[in-house]
Structure formats: structure tokens, C-alpha cells
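For the protein sequence lines, the chains are A and B, in the order given. In terms of UniProt numbering, the first sequence is numbered consecutively and its last residue is 455. In terms of UniProt numbering, the second sequence is numbered consecutively and its last residue is 65. We put the CB at the ideal spot given by N, CA and C, even for glycine. Working notes, beginning with the structure itself.
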Amino acid sequence: MTQTAVALANTVRFGLRSAKEVVENTLNILQTRDQTYHCVTKLLADRALRMAETLDARIADGTPVGALAGVPFGVKDLFDIEGLVTTAGSVVLKNNPPAKHDAVVVQRLIAAGAIPVATLNMDEFAYGFSTENAHYGTTRNPRNPDCLAGGSSGGSAAAVAAGMLPFALGSDTNGSIRVPASLCGVWGLRPTQGLLPLTGVYPFVPSLDTVGPLAGTVTDLQRIFEAMQGHSLDEVDDVRGLRIAQLAGWFAQDVEPSILDGIDRIRAFFGKARQVELAEASRLRAAAFVISASEGGALHLPRLRARPMDYDPATRDRLMAGAILPASAFVQAHRLRSWFRNGLHDLFREVDVLIAPATVGAAPRIDQSTITIGGKKVSARANLGLFTQPLSLGGMPILSMPLPPVTTGPGAGMPLGLQLIAAPGRENVLFAVGKALAHAGLAGYPVMGATGDAG
Amino acid sequence: MASDIQANAETAQEVAAMARVVRLPIPDACLPGVIANTELLNSYVDLVLGFDLPDDCAPAYEYTP
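Set out below in C-alpha cells:
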């Protein structure tokens, strides 16, 4: 039986279950059930059990413990964990020295009482949307193991969706939290660019990288984000009075009808939601590709020269192509980013929340190489970021929100997700909208084995 | 088909030249994948460079809300 992080912390804080019992149970679940999904790259069993015993002793002493007391969690394999080599889903870094400290956001979660129990699978160096890793295997979607989990934080999203972990950490450069969260049917947050520290997180594209949580409910997600940020969010008084707008044009083409139906229901909930178009979305996406390839390629250039064959072939070929891109394209892409950001700032003077699909449809099958976009067959994997990449450039906070299960249409039986975008630093608005929609039955997808609400 | 082969050969020459600039040896086994990715990236470069921006629009390397 899967409990939410908030419920689990309460049972531990009030002595109904020991943290050690919770951690032992979680490790057992990961050892047995993960054989089907391949989310876990390392179990942190000894350390997790020691931390649980320490926490139980503090509770027995009456020492105050944090809001996430005894809650086990996993981290994408690019967060530093003290004493371990951070491999970032690769074998290229295996001879690096072990991390001297946990990543700062991991330290903050531990300070709130949470206990890291596992590192989780990802695309090598976070460069992909599928979590098909030549070194560590393919993470399978718990909703249908024949389908992709999405990536690059696929191990994190799948472990939460499967009900094996109450929450997990991921990173999002071009959509690497939002895509797998959507395909696996969990909540995820790409916070405002620069809001959470990246100290102890292996970089991919430093000017676009962010880290954030994935969880089974929006209430859990907010609690975890608050612990990562270090303080509580302000309340939003009048959620129904917020100015909501649907992103049309680029963000409404080739989309699974059930997703558009879900957006229509949300627009009706708010009564007067308008539609707006983001100009030049295809160029914005192109700019995200150019920036990612250039910065990623430059970061890896010394190792690409020395030992290219140690890389996952798919990652290596992308990085090499990026490393040789001309500087003028990279600089122009960043100028385009500046232009887009100024336009978004203007738009957020008129609206509070933008709504867009996270992906064009449900998770592709692992053996499916193409999807149809604009009447053409295109790579399924490369286009999973069609709607997330342009928005990454803006730097705004984006909530990945699962729609409720649908029973008819091409997407029946598999999760579908949306992006909610707010002005910089307005994560509180996103959580308020997410909670209102979950309460109204317009958002949320139950994690496997859950007995409570999905929101 | 003939034009595809010619385009591919042109991209291969471009890859070889640009790789020399950054001192990146590209093993033969990697070349087809690097050429394919370069062709894809070139289509994005065309989109990015094809958009006129005012001279005072500065690059945005970091985000300051």
C-alpha cells in the first residue's frame, strides 16, 4: 500500500511506525518490484538504515524532527551523494573521486527528515527524453512496461508512479522532469531558473539546468519543494480569480484530443480562460537545441577527444555535433532567449497562469520509432520535448500536472499531462491552481497501489 | 536521392573542418551519427540565424527574473 509523503511523515513523527521500518520496507520493495521497471541504479541501504535509526532515536528523545520525517526518496543519478562517485548515467566519470558532500538540495531534504534510499536511472548525462541507457538499461513505464517512461529523469518518474517511492528528485534542462512526469502520470516541478542551488548536481547545460521534485500528489510536491527551497510558500487567496490562458498555435497542433479535452475542462473551471499564442515557438525550440548541444558539447570536449568510445553512442554523437557548432549560432540562440524572456514578462502582466500540453500524447511504445507531427513521421524520442523545450528558454516555473485517467480514445489507459506556467518566483500560484484542479477532479492520476486521492 | 548523397558529403566535409578547429578527432565508427546530428542541428541553426533581432538585444546566458 502506497502512502503519500505527508501521511508517511505523520505516521513516523507520531510514532505509529518507525523510520527504520519504513526504510526497510521501501528497500525491500525496490529490491523486488524494480526488477520489472529498472528505475534503480544503486541502493543506499546501509546509510539509509543508519539515518533511520538516528531519526527514530531523536523521536524517542522528543527532539523535534522535520516535515518529511522518515520519508524515503530517490535521486536521479546526477546528484552528489556523499561517499559515492556521481556517474550521471555514464561510465565515463567512474574514476572520479567520490563526492565529499551530498548535493545542497539533498542536504536540505535530509534536514527536513527525508532519507535518500536510491539513485535512479537517466539518459546518459541527461541528454535525452527516453531513459534508454546503454550502460544501465531502459527504464520501463510502470503504467505499461512496453512503453517508454520518458526522460531524462525517467527512473525518478517511474519509481514514483510505480508506488515504490513517495517522491524523487530530477533535473530539467529541456523538459527532463516534465516529460517523464507526464508519461508516467505523476506531478513534477521545474522551478524558476536559478531558484534552487545546483551545487553538487552534475551539469548538462548550465544556462538552462534546473532541479526539482516529482511526487504522486500536488500536496506532497509542494511540501517537498518547500523543504528544497528552505521556506514555506505564500497562500493564494482567490484561485478562481486567477487569469488563466491556454497556449494555442504551436501548442495545440497534433495533440491527442483527450489532452485538449482536459484543457477545455480546466478553461471552463476558470470560466473566462483566453487563448494566446507564443510567437516563433519553432525558433525557440531550435534555440534550446542549439544552446544544449553547444554547452553540452563544450563541457564534454576534453573527454570526447580522449575516450569517445566510453560514451553511450547516441549521447556521444549528439555531443560531438554540438562541440563543433559555430559560436555565432550559440550567441544568437541566447539573444533569441533574451527576446523571448522579455515577451514572457510582458505576457505575465496580463495573465497569471499559462496552460499547455506537456507532450503530444501518451508514452510511445519502446519499439515505436516514429510519431506523426504536421503530417510527417518524425522521431518519437526527439519530439517528446516538442512542447517543453521552447518554454525552458523562458526560465519561468512550470508545473507538470497529470490529467485524470481517460477510458476512451487513443490515450486510454495511459497518463497524459499538462504544463502550467507562471511568472518567475510564482510557484505558489502553480501549486494553488494544481490543488484546486485536483480537488475538482480535473487533475491527478493515482500512483500504483495508492488508496487515497490522486491530487 | 543524388542530392541527399551530395548533401551528406558536404556535411561530412563540414564536420571534418569544424572538428579540426576544436581538435576533436572523430573515429570512423562515430562519423555517420555525428553527420546525422550535425544535419539536424544545421536545420535548427538556420531557424535561429534566420530571425532578425535588434542590435541591443543582448545574449541571456543567465536568468535574472
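Quiz item: Got a sec: is the Cβ-Cβ distance from N37 (chain B) to anything in chain A below 7 Å?
Solution: Interface residue, yes.
Quiz item: Interface residues of chain B around M320 (chain A) at Cβ under 7 Å?
Solution: The contacting residues are L24, I26, C30 and V34.
Quiz item: Under the rule that 16 or more other beta-carbon atoms within 10 Å means buried, what is V447 (chain A), buried or exposed?
Solution: In summary, V447 (chain A) is buried, with 16 or more beta-carbon neighbours lying within 10 Å of its beta-carbon over all protein chains present.
Exercise. For S258 (chain A), name the three-state secondary structure that DSSP assigns.
Key: helix
Quiz item: What residue from A:G154, A:N95, A:F348 and A:D209 has the CA that sits closest to L393 (chain A)'s CA?
Solution: When each option's Cα is compared against that of L393 (chain A), the closest is A:D209.
Practice problem: Look at I263 (chain A) and I355 (chain A) and say whether their C-beta atoms are less than 7 Å apart. | Solution: The Cβ-Cβ distance between I263 (chain A) and I355 (chain A) falls below 7 Å.
Quiz item: Would you say A19 (chain B) faces chain A, with C-beta separation under 7 Å as the test?
Solution: At least one chain A Cβ lies under 7 Å of A19 (chain B).
Exercise. Could you check if P142 (chain A) is buried or exposed, using at least 16 other CB atoms within 10 Å of its CB as the buried criterion?
Key: Buried.
Self-check item: G175 (chain A) versus D61 (chain A): straight-line alpha-carbon distance, rounded
Solution: 44 Å
Self-check item: CA-to-CA distance, V351 (chain A) to L198 (chain A), given in whole angstroms
Solution: 30 Å
Exercise. State the CB to CB distance for the pair residue 457 (chain A) and F79 (chain A), rounded to an integer number of angstroms; the pair is presumed to be in contact (CB under 8 Å).
Key: Past the boundaries of the shown model lies residue 457 (chain A); chain A is included only from 1 to 455, so the question cannot be answered.
Practice problem: Return the CA-CA distance between A358 (chain A) and L43 (chain A), expressed in angstroms with no decimal places. | Solution: 31 Å
Practice problem: Kindly list, in the order they appear in chain B, the residues whose Cβ is closer than 7 Å to that of S207 (chain A). | Solution: Y61 and E62
Quiz item: Are the Cβ atoms of G126 (chain A) and T139 (chain A) separated by less than 7 Å?
Solution: Residue identity check: residue 126 (chain A) is Ala in the sequence provided, not Gly. Contact flag unset, no.
Quiz prompt | Members of the stretch 286-301 of chain A that neighbour chain B once the beta carbon cut-off is set at 7 Å | solution = A286, A287, F289, V290, A293 and L301
Quiz item: Do we get a CB-CB distance below 7 Å when we pair A7 (chain B) with the residues of chain A?
Solution: Not flagged as an interface residue toward chain A: A7 (chain B), since no C-beta distance is shorter than 7 Å.
Quiz item: Is the number of C-beta pairs between the stretch 320-332 of chain A and the stretch 289-298 of chain A that are closer than 8 Å three or more?
Solution: yes
Exercise. Closer than 7 Å, Cβ to Cβ, to anything on chain B: give me those residues from the stretch 386-408 of chain A, in chain order.
Key: G395
Exercise. Determine the closest residue to T11 (chain B) out of B:Y61, B:D52, B:D55 and B:L40, with distance taken between C-alpha atoms.
Key: B:L40
Exercise. Can you pull the chain A residues whose beta carbon is under 9 Å from the beta carbon of A12 (chain B), in chain order?
Key: Per Cβ cutoff of 9 Å: no residues; A12 (chain B) is ~12 Å from chain A at best.
Exercise. With a cut-off of 8 Å on the beta carbons, I'd call G128 (chain A) and G151 (chain A) a contact; round off their distance for me.
Key: In this structure G128 (chain A) is in contact with G151 (chain A), their Cβ atoms being roughly 5 Å apart against a cut-off of 8 Å.
Quiz item: Checking contacts by CB at 7 Å: is A58 (chain B) closer than that to chain A?
Solution: yes
Quiz item: Name the chain B residues whose beta carbon is nearer than 8 Å to that of L336 (chain A)?
Solution: V48, F51 and L53
Exercise. Pick helix, strand or coil for G155 (chain A), following the three-state DSSP scheme.
Key: DSSP places G155 (chain A) in helix when its eight states are reduced to three.
Quiz item: Looking at C-beta atoms only, is the number of pairs between the stretch 159-173 of chain A and the stretch 52-59 of chain A that lie closer than 8 Å three or more?
Solution: no
Quiz prompt | Complete runs of the beta strand (DSSP E) confined to the stretch 220-272 of chain A [at least 3 residues] | solution = 244-247, all fully within the stretch 220-272 of chain A.
Quiz item: DSSP state of M320 (chain A), grouped into three classes?
Solution: helix
Exercise. Look at the Cβ atom of A281 (chain A), then the Cβ atom of V48 (chain B), and state whether they are nearer than 7 Å.
Key: no
Quiz item: Does any C-beta atom of chain D lie closer than 7 Å to the C-beta of A323 (chain A)?
Solution: Of the chains in the structure shown, none is chain D; the protein chains are A and B.
Self-check item: Separation of L347 (chain A) from P54 (chain B), as counted between CA atoms
Solution: 20 Å
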